[in-house]
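Protein chains in written order, with the numbering used here: chain Y, 100 to 360; chain E, 100 to 360.
Here it is as structure tokens:
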């Protein structure tokens, strides 16, 4: 059964043929030359980026840790604008709690108007959380293989007789809508191929392209169109976000065209 | 080296001799007869509980997933009141992201005025996140052994040659300020003893007493005073929160007194 999230994604892909997802993370002091701290500055930052990147992307992904302190109606204005411009909206929440608490997160994320969220399978409740999310029409994208050096245990260790990332990928196939898979560091082509083979038509959301140096070509060749390549700093902190979004989108489309031949 | 969080905890314990931590989670629709949804209702709920439980507890612990949409200054009013009444304030955040994103969460949690936060070691970055948190004076309490049935992998699987919860407990000892340890279900006395032995004078934060049926007696006998027993629904949703807080506090003090003999 295809979830409403995957249907939305496919419909938008038919229309835009883009796999570019743009991060929306208003920097805290010390991260950029210009802080973006007040609520109004943070909202303006996100509204501006959305306006600039909408023609060249399929999704936007703000991260919860940068949005702390914004109200539900303020965030709803963000998702409303993004949806109006034909963008899928993903809350990068990395939800990681138990039953009733996750219900509360899903309630508020739904109120904010998002189409989906990222989820951490740490507490083991991918199935029950995905079922609840689907009741609300929310898609769930599960942390499956992270690429920061300290996350290498997801490759080296086992869970239920499988490698950890294989176990999480199996849960994605059974219950959720997509897998977050890092595209840098210890994550090889073979890891991505294995995960893709396991999850089938579900989406891979790959952060780390651009500033973090992830390889878009291998992602597109392996994953085809069930893919969201997230570019964060490389677009949102660029002098001209529209120009950079257009450049990445063109590059990804070129690779897609060549890999279809 | 003792962190400022542990110093605060010890000072408060000397004064109050309480190990009671009270949850502050304004229920979403369907969870209680009365919803607590508007910002003003949620704030009023938390302010009221704090007023009622302050004489009988050492800490309050709101969960982020119930506070989504509240502003930084609204939450700061909550922590300010709690601190003014001699309570330690812990944001039950289960932070679970990578470096720069965790920095943003720590920045905002610090702005909100909390003394500490809960952290998920999923991404493997307990050390770097704890170091950043300590720079801000924030304590870090690490999910070490969860008691929901789906989290049994923390007992059955291994990480770096140790059982998963042993590995996390080792990280608590080295880098953080405390361990979240479930006190129900598959978590036995021996698990708690092992974790306590590993982390030494650092704190165990045990949710699940009261509504979830966790056993306060075994916790106190094993952990002594480096302990926070969280009661959530059993106090915050009670008809008379003050009465129930007093009851739990008395019960815990009684056990503590008997186990010191």
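Virtual Cβ for every residue (Gly too), placed ideally from N, Cα, C.
Taking only three categories from DSSP, how would you classify residue i?
i                      : result
residue 209 of chain Y : helix
residue 285 of chain Y : coil
residue 119 of chain Y : strand
residue 329 of chain E : strand
residue 184 of chain Y : coil
residue 383 of chain Y : In the structure as shown, chain Y starts at 100 and stops at 360, and residue 383 of chain Y therefore has no counterpart that could be examined.
residue 201 of chain Y : helix
residue 125 of chain Y : coil
residue 296 of chain E : helix
residue 101 of chain Y : coil
residue 305 of chain Y : strand
residue 196 of chain E : coil
residue 245 of chain E : coil
residue 167 of chain Y : coil
residue 250 of chain E : helix
residue 222 of chain Y : helix
residue 153 of chain E : helix
Using a threshold of 9 Å, state whether the C-beta atoms of residue i and residue j are closer than that.
i                      : j                      : result
residue 293 of chain E : residue 268 of chain E : yes
residue 306 of chain Y : residue 148 of chain Y : no
residue 157 of chain E : residue 123 of chain E : no
residue 290 of chain E : residue 319 of chain E : no
residue 275 of chain Y : residue 244 of chain Y : no
residue 152 of chain Y : residue 327 of chain Y : no
residue 216 of chain E : residue 240 of chain E : yes
residue 211 of chain Y : residue 175 of chain Y : yes
residue 107 of chain E : residue 299 of chain E : no
residue 317 of chain E : residue 288 of chain E : yes
residue 173 of chain Y : residue 194 of chain Y : no
residue 137 of chain Y : residue 236 of chain Y : no
residue 259 of chain Y : residue 259 of chain E : no
residue 155 of chain Y : residue 324 of chain Y : no
residue 144 of chain Y : residue 335 of chain Y : yes
residue 120 of chain Y : residue 160 of chain Y : yes
residue 127 of chain Y : residue 203 of chain E : yes
residue 242 of chain Y : residue 213 of chain E : no
residue 150 of chain E : residue 180 of chain E : yes
residue 169 of chain E : residue 170 of chain Y : yes
Can you give the Cα-Cα distance for residue i and residue j, rounded to whole angstroms?
i                      : j                      : result
residue 281 of chain Y : residue 218 of chain Y : 14 Å
residue 164 of chain E : residue 223 of chain Y : 18 Å
residue 201 of chain Y : residue 105 of chain Y : 21 Å
residue 408 of chain Y : residue 197 of chain E : Within the shown structure, residues of chain Y are numbered from 100 to 360, placing residue 408 of chain Y beyond reach of any answer.
residue 60 of chain Y  : residue 178 of chain Y : Here chain Y has residues from 100 to 360 only, and residue 60 of chain Y is not among them.
residue 207 of chain Y : residue 130 of chain E : 14 Å
residue 314 of chain Y : residue 283 of chain Y : 7 Å
residue 322 of chain E : residue 345 of chain Y : 58 Å
residue 350 of chain Y : residue 329 of chain Y : 14 Å
residue 359 of chain Y : residue 116 of chain Y : 13 Å
residue 166 of chain Y : residue 125 of chain Y : 8 Å
residue 265 of chain Y : residue 264 of chain E : 21 Å
residue 352 of chain E : residue 249 of chain Y : 41 Å
Identify the contact partners of residue i in chain Y, using a Cβ-Cβ distance below 7 Å as the criterion.
i                      : result
residue 222 of chain E : 245, 247, 249 and 250
residue 168 of chain E : 170, 171 and 207
residue 200 of chain E : 162 and 164
residue 219 of chain E : 195, 219 and 221
residue 127 of chain E : 202, 203 and 206
Since residue i meets chain Y, which of its residues come closer than 9 Å, beta carbon to beta carbon?
i                      : result
residue 301 of chain E : Under the 9 Å cutoff, chain Y gives no residues; its nearest Cβ is about 21 Å from residue 301 of chain E.
residue 180 of chain E : Residues of chain Y passing the Cβ test: none, with the nearest at roughly 18 Å.
residue 151 of chain E : Chain Y residues near residue 151 of chain E: none, gap ~22 Å exceeds 9 Å.
Which residues of chain E have a Cβ atom closer than 8 Å to the Cβ of residue i, listed in chain order?
i                      : result
residue 258 of chain Y : 252 and 256
For the alpha helix (DSSP H) containing residue i, list its first residue and its last residue.
i                      : result
residue 342 of chain Y : 340–359
residue 273 of chain Y : 263–274
residue 406 of chain Y : A question about residue 406 of chain Y goes unanswered here, because the residues of chain Y that appear run from 100 up to 360.
Which bits of chain E does residue i rub up against, with CB to CB less than 7 Å?
i                      : result
residue 193 of chain Y : 195 and 196
Starting from the beta carbon of residue i, find every residue of chain E whose beta carbon is closer than 9 Å, and list them in chain order.
i                      : result
residue 158 of chain Y : Going along chain E, no residue has its Cβ under 9 Å from residue 158 of chain Y, so there is no contact; the nearest lies around 18 Å.
At a threshold of 8 Å, does residue i count as lining the ligand HEM (C-beta to nearest heavy atom)?
i                      : result
residue 262 of chain Y : Because no ligand of any kind appears in the structure shown, any question about the ligand HEM cannot be addressed here.
Return the first residue and the last residue of the beta strand (DSSP E) that residue i is part of.
i                      : result
residue 218 of chain Y : 215–218
residue 232 of chain Y : Residue 232 of chain Y -> not in any beta strand (DSSP E); alpha helix (DSSP H) instead, spanning 225–234.
residue 277 of chain Y : 277–280
residue 158 of chain E : 158–161
So with CB distances below 8 Å, who are the chain Y contacts of residue i?
i                      : result
residue 265 of chain E : Ordered by position in chain Y, no residue passes the 8 Å Cβ test against residue 265 of chain E, which lies about 13 Å from the chain.
What does residue i touch in chain A if you count any residue whose Cβ is under 9 Å from its own?
i                      : result
residue 350 of chain E : Among the protein chains in the structure shown, which are Y and E, there is no chain A.
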